Structures are given as structure tokens and as C-alpha cells.
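Here's the structure we're looking at; comments come further down.
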Amino acid sequence: MLRPLRRHAAALVLASVAAVLLSSAPAAACSTCGCGDPTLTTLGAEKPYPWRVRAALGAQGRTDAVGREGIDQVKLRELRTDAYLAVAPSSRLFLQLGVPLVTRSVETVSGA
């Protein structure tokens, strides 16, 4: 009686594993990066249709602190904005411009 149960359990496990491995669902990434979204193309990588214009703006920020607070700590703060413009005057010519804007501040703390 135990043998048929083991066979059924093994068959059920095998069928479950096969169902998981053989099934596939469409996948898409989050809206933050747009990775995997077929409607989005990378700026400058799209087909150059005559007078196609694309613009993009990106912003990043970071803060770093190195050392011991109040003794020898150095703090760095950076804000970066990137502006991009891509224009295709014809189907054979594609122009692209990228302008980075960076603001940095360094703060040193000395215990002396």
C-alpha cells in the first residue's frame, strides 16, 4: 500500500516541477528604469525617423562621510543632473547632445 502512494507522490512532484519549469509569463520591470518595457527605447538607439525629437532628464544625488565624527570626518555631498536631446533631421542622420550639471560640496571637521 505504501508503494503506490510513493509513486503518486513522486508523479505529483514531477508534474509540479515540470509545470513550473515549462510555464512562462510575460515579464516587465518596474517603471523606475523601464527595463523590459518594449514601448521604451534607449535615447539615441531608436530608429531615426525624419524629424524625430527626444529629450530626457535624469537626476542623482549622494552623500558620503569618511572618518570619525568630530575628529577627522570628511563629508561629501554631490547632486548631478543630466540633460539629453536627440534629433533626427533625416532618416540617415542622428544628432545627440548630453549635458551634465554637477554640484559638489566637501565639509571637513577637525577636532584640533
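Numbering follows numbering that gives the first Met the number 0, in which position 53 of the sequence shown is assigned residue number 52; successive positions increment by one, without gaps.
For every residue, glycine included, the Cβ atom is placed at its ideal position computed from N, Cα and C.
Because the structure is a prediction, the values reported are computed rather than measured.
Between the C-alpha atoms of G69 and E106 there is a straight-line separation of about 12 Å. Put simply, the stretch 54-65 touches the stretch 74-89. At least three CB pairs are less than 8 Å apart. Non-local C-beta neighbours of V52 in its own chain, meaning closer than 6 Å and more than five positions away in sequence, comprise V86, ordered along the chain.
The shortest CA-to-CA distance from P99 to any of S89, Q72, A17, D81 is the one to D81. Closest in alpha carbon position to P47, among R67, L56, P88, L20, is P88.
In the three-state reduction of the DSSP assignment, P3 falls in the helix class, which pools H, G and I.
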